[in-house]
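Presented below is the structure to which this report refers.
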Amino acid sequence: MSDEPKPSGSTYDPESVHAKYLAERDKRLVPGRAVIRDLATDDHFARYTADPFTPYADREPVTDDVDAIVVGAGMAGLLAAVQLQQAGLSRIRLVDIAGGAGGTWYWNRYPGVMCDVESYVYLPMLEEMGYVPKDRYSSGEEIRLHLQSIAERHDLLDDALFHTGVTEARWDDAAARWRVATDRGDTLSSKYYVLAVGILSLMKLPAIPGMERFAGHSFHSARWDYEFTGGGPGEPMTELGDTVVGVMGTGATGIQCVPPLVEAAKHVYVFQRTPSAIGVRGNRPTDPSFSEGLAPGWQQARMDNLQAIMLGRQVEADLTDDGWTHHYAAVHNPPRHKGMSIDDYLRGAEELDYGIMEDHRSRVAEVVADPAVAEVLKPYYRYICKRPCFHDEYLAAFNAPNVTLVDCPAGVEEINERGPVVDGQQYELDCLVYATGFEPEITPLARRAGHEIVGRRGATLAEHWAEGPQSLFGLMVRGFPNLFVMPSPAHQAVVTVNYTQLALLGA
Ligand SMILES: Cc1cc2nc3c(=O)[nH]c(=O)nc-3n(C[C@H](O)[C@H](O)[C@H](O)COP(=O)(O)OP(=O)(O)OC[C@H]3O[C@@H](n4cnc5c(N)ncnc54)[C@H](O)[C@@H]3O)c2cc1C
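Letter 306 of the sequence shown, counting from 1, is numbered 306 in the numbering used here, and no numbers are missing.
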C-alpha cells in the first residue's frame, strides 16, 4: 500500500459508497450493543481488575502531610511530579492502585503491546534521561521501564503509595489543605492535589448474556495472565500449545496480541464486530545514527513538528512520516481553496477519505490469502469513525492454519460454559481473552477517578461538572483550590494524537 493518500476519483461513486457504508453500519446497530459490565461493582468480574504483576503486601496505614499528592503514577502523574519538584516542592506522594509506576504501561503488558505514536515523541524526557528508544515504536515493556527510570531518577518511589486507591479527596478551607483518604486507611493531607488518573484506565467489558458461565480461563488484556499463558512481555508464550484461545475485540489491543497468540496457541478464534483500518506500521530498530547531530530541544521540536502536521500547517519536513501524518492529518485537513463552496469542500473531504480507505481495503486483499476472510477484514466506514490502527503482522496472521476469524457484526449472542455462540454456532474455547479496551475518555472524570473530589462548601466535582466540564484550560476548576487536573482531550484541553505532548503542557 502506498503511504500517500490518493483520492480514487475514477472509482469513487458517492451513492454506492454511502449505501455500502450505511449497510455495514446497520448490521451493527443492535440494541444493547454498548452495554457494559461495571467492573467497579460487578460481583463476578471485579476480579479481572486485580494486579497480576506485583504481589500485594500488608503495610501500616500512613499519616502524613506533604506538599503535593499526585493520584496516578502513569506518565502524566510522573511528569507533574517532576515539574513540581523543579518548581521547588520537596514532599510529593504518588498514590496508585497499581503495584508500581507506569500507569497504562504498568497495566498493559499483553504480548505485542507497543505504542501507536512514534517512540521518539511518545517516550517523555528522552533528552533529560539521555535515552534513545530501541525501535521506531517501542514495546510496552520498554516504555514501562523508561517511566520507572524517570521515577527512580527523581526519587519519587520511596514515598509512593502503591496498591493504594484514593477513596476521597476533600478540600479543607480552614486549613487550606486537601484531605485524602485511601482504601489502605491512610490519612494524608497536602497543599496541592493532582489528579492524573488516566484517559484509558477503566477497563471495558461488554455485557454478553451468559458470560459468567464460561468454564474455561478468561481475563482482560489489561491484566494479561502470563501465569496461564507462560512467557512474559516480549517473550514467547510457552503454555498454550494445547490451548484453544478466543480473542474478543479487534481494536488497538486485539490487533497487537493476535499475532503472538497465533504463534503460540493450538488454535485462535478472533471474534470481530467491526474490523479496524490497519495501516502500515513500518516498525524498525532505531538507526544507530539517529542521535548523531540532534540539537538540544530536538524532542520538543519533533513533537511540535508532528502537531503542526496534524493541524494542517506547512512544515519543511515531515519528521514522523507515518500513517498519522499521511492519513490521519490528511483526513483532518482536507484540501480547501479560496472560493470553494461548502458542498465542494465536503465532497473533496469524502473523496479523499474514500481513497485512503480504499488503500486500506486493497492492503487487506493483498496480504490475506483467502478472499472470503479478506472481505470480512475490510473496513467499510470513514477513516476516523473508529480509531485507526497500524500493524505489520496482524493481517498476515490470518494466513496461518490455526486461526479462524469469526464475523459477528451484531456481536456474540451468548457465552456458555463451553465458549461463545455466534449465529447459532458454538465455539469451544479453553481460554477467552477480552481485548475489549477501555471506557472512553469522555467518561466523566469523577467516575474515572474512582473517588469523590469535594471542593469548597462541600460541592463535588461530579456535581460541578454534571452538565459538562468547566475549567481553566482543562487544568484548574473554580471552587477546587490547588487542584490540578492533568488534561485530557475530553476536558477542555487540546486534542492531540501524542498524549505526551498534552501531558507535558499540563505539567
Ligand atoms: C495499549 C495502549 C497503547 C497506547 N498508546 C498510545 C500512544 O502511542 N500514544 C498516545 O498518545 N497514547 C497512547 N495510549 C494512551 C495512554 O493511556 C496515554 O498515552 C498515557 O499513557 C496516559 O497516561 P496517564 O498518566 O494520563 O494515565 P495512566 O497511564 O492511565 O495512569 C493513571 C493511573 O491512575 C491510577 N488511578 C486511577 N484512579 C486511581 C485512584 N482512585 N487511586 C489511585 N490510583 C488511581 C491508575 O491505576 C493508573 O495507573 C495508549 C493506551 C494504551 C492502553
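Note that CB positions come from ideal geometry on N, CA and C, so glycine has one too.
ask   = Going by the CB atoms, is the gap between P275 and L377 shorter than 8 angstroms?
value = The residue labelled residue 377 in the question sits at position 377 within the sequence shown. The residue labelled residue 275 in the question sits at position 275 within the sequence shown. Yes. Within cutoff.
task = Return the CA-CA distance between A449 and Q492, expressed in angstroms with no decimal places.
result = As a working mapping, residue 449 is identified with position 449 in the sequence shown. As a working mapping, residue 492 is identified with position 492 in the sequence shown. Spanning the two alpha carbons is a distance of roughly 17 angstroms.
message = Can you determine whether any heavy atom of ligand 1 sits closer than 7 angstroms to the C-beta of E106, and answer yes or no?
response = The residue you call residue 106 lines up with position 106 of the sequence shown. Note that residue 106 is Tyr in the sequence shown here, rather than Glu. Yes, Cβ of Y106 sits closer than 7 angstroms to a heavy atom of ligand 1.
query = Using a Cβ-Cβ cut-off of 7 angstroms (strictly less than) and excluding sequence neighbours within five positions of L504, which residues of its own chain qualify?
reply = Translated into the one-based positions of the sequence shown, residue 504 becomes position 504. Cβ neighbours of L504 beyond the five flanking positions: L79 and P124.
Backbone CA spacing between K204 and P288 [nearest angstrom] = Working through the sequence shown from its first residue, we reach residue 204 at position 204. Working through the sequence shown from its first residue, we reach residue 288 at position 288. Roughly 40 angstroms between the two C-alpha positions.
message = When you compare the region 387–401 with the region 11–20, are there three or more beta-carbon pairs, one atom per stretch, that lie closer than 8 angstroms?
response = no
task = Could you work out which residue in L346, D344 and A308 is closest to Q501 when comparing CA atoms only?
result = Numbered from its first residue, the sequence shown carries residue 501 at position 501. It is A308.
ask   = Going along the chain, which residues of its own chain have a beta-carbon closer than 7 angstroms to the beta-carbon of A222, five neighbours each way excluded?
value = Indexing the sequence shown from 1 puts residue 222 at position 222. The residues are W107, N108 and M203.
key: Integer Cβ distance of E212 from P236, believed to fall under 8 angstroms   = Here residue 212 is taken as the residue at index 212 of the sequence shown, counted from 1. Here residue 236 is taken as the residue at index 236 of the sequence shown, counted from 1. Contact doesn't hold; Cβ gap of about 31 angstroms is too wide.
inquiry  = At a cut-off of 7 angstroms, would you count D539 as near ligand 1, judging by its Cβ distance to the nearest heavy atom?
reply    = Nothing can be reported for residue 539: it is not among the residues displayed for the chain, which extend from 1 to 507.
Of the listed residues D65, V132, T104 and H391, nearest to G77 (C-alpha basis) = Taking the sequence shown and counting its residues from 1, one reaches residue 77 at position 77. Of the listed residues, the one whose Cα sits closest to G77 is T104.
query = DSSP on W171, reduced to helix/strand/coil?
reply = By 1-based counting over the sequence shown, the position of residue 171 is 171. The answer is strand: DSSP assigns W171 an E or B state.
query = For I384, does the count of other Cβ atoms within 10 angstroms reach 16, so buried, or fall short, so exposed?
reply = The count along the sequence shown starts at 1 and reaches residue 384 at position 384. Answer is exposed; the Cβ neighbour count stays below 16.
inquiry  = Tell me which residue opens and which closes the alpha helix (DSSP H) that M408 is part of.
reply    = Taking the first residue of the sequence shown as 1, we reach residue 408 at position 408. In the sequence as presented, Met is not what sits at residue 408; that position holds Cys. Here C408 belongs to no alpha helix (DSSP H), and DSSP marks it neither H nor E.
ask   = From the DSSP output, which residues share a beta bridge with T325?
value = In the sequence shown, the residue the question calls residue 325 occupies position 325. DSSP output for T325 lists no bridge partner at all.
message = At a cut-off of 7 angstroms, would you count H451 as near ligand 1, judging by its Cβ distance to the nearest heavy atom?
response = Counted from its first residue, the sequence shown places residue 451 at position 451. Yes, since a heavy atom of ligand 1 falls inside the 7 angstroms radius drawn around the Cβ of H451.
Same chain, Cβ closer than 8 angstroms to G297, neighbours up to 5 away in sequence not counted = Within the sequence shown, residue 297 is the residue found at index 297, counting from 1. Closer than 8 angstroms at the Cβ level, and outside the excluded window around G297, lie E127.
task = Keeping to the same chain, check which residues put their C-beta closer than 8 angstroms to that of H267; ignore five residues upstream and five downstream.
result = Position 267 of the sequence shown holds residue 267. V244, V245, N402, V403 and T404.
query = How about I97 and G165: are their beta carbons less than 8 angstroms apart?
reply = Counted from its first residue, the sequence shown places residue 97 at position 97. Counted from its first residue, the sequence shown places residue 165 at position 165. Contact flag set, yes.
request  = Look at Y434 and G249 and say whether their C-beta atoms are less than 8 angstroms apart.
outcome  = Here residue 434 is taken as the residue at index 434 of the sequence shown, counted from 1. Here residue 249 is taken as the residue at index 249 of the sequence shown, counted from 1. Yes. Within cutoff.
task = With a threshold of 7 angstroms, establish whether the CB of I199 neighbours any heavy atom of ligand 1.
result = As a position in the sequence shown, residue 199 is number 199, starting the count at 1. Yes, the beta carbon of I199 sits closer than 7 angstroms to at least one heavy atom of ligand 1.
inquiry  = Considering just the uninterrupted stretch of the beta strand (DSSP E) at S518, what are its terminal residues?
reply    = Missing from the structure shown is residue 518; the chain here goes from 1 to 507 and no further.
key: Selected residue, minimal CA-CA separation from E439, among A73, R418 and V35   = Taking the first residue of the sequence shown as 1, we reach residue 439 at position 439. The residue with the shortest Cα to Cα distance from E439 is V35.
ask   = Roughly how many angstroms lie between the CA atoms of L261 and T460, to the nearest whole one?
value = As a first step, residue 261 is located in the sequence shown; it is residue number 261 there, counting from the start. As a first step, residue 460 is located in the sequence shown; it is residue number 460 there, counting from the start. When rounded, the distance between both Cα atoms is 45 angstroms.
query = H326: buried (16+ other C-beta within 10 angstroms of its C-beta) or exposed?
reply = Position 326 of the sequence shown, counted from the first residue, corresponds to residue 326. With 16 or more other Cβ atoms within 10 Å, it is buried.
request  = Mind the definition here: the region 21–37 touches the region 185–200 only if three or more C-beta pairs lie below 8 angstroms; say whether that holds.
outcome  = no
task = Identify which residue in F53, T496 and G437 has its Cα closest to the Cα of V247.
result = Translated into positions along the sequence shown, residue 247 becomes position 247. If we check each option's Cα against that of V247, G437 comes out closest.
query = Quick one: Cα of L311 to Cα of V373, how far?
reply = Taking the sequence shown and counting its residues from 1, one reaches residue 311 at position 311. Taking the sequence shown and counting its residues from 1, one reaches residue 373 at position 373. Their Cα atoms are separated by approximately 36 angstroms.
key: Status (buried if at least 16 other CB within 10 Å, exposed otherwise) for P478   = Position 478 of the sequence shown, counting from 1, holds the residue named residue 478. Correcting the residue type first, residue 478 is Arg in the shown sequence and not Pro. Its Cβ having fewer than 16 others within 10 Å, R478 is exposed.
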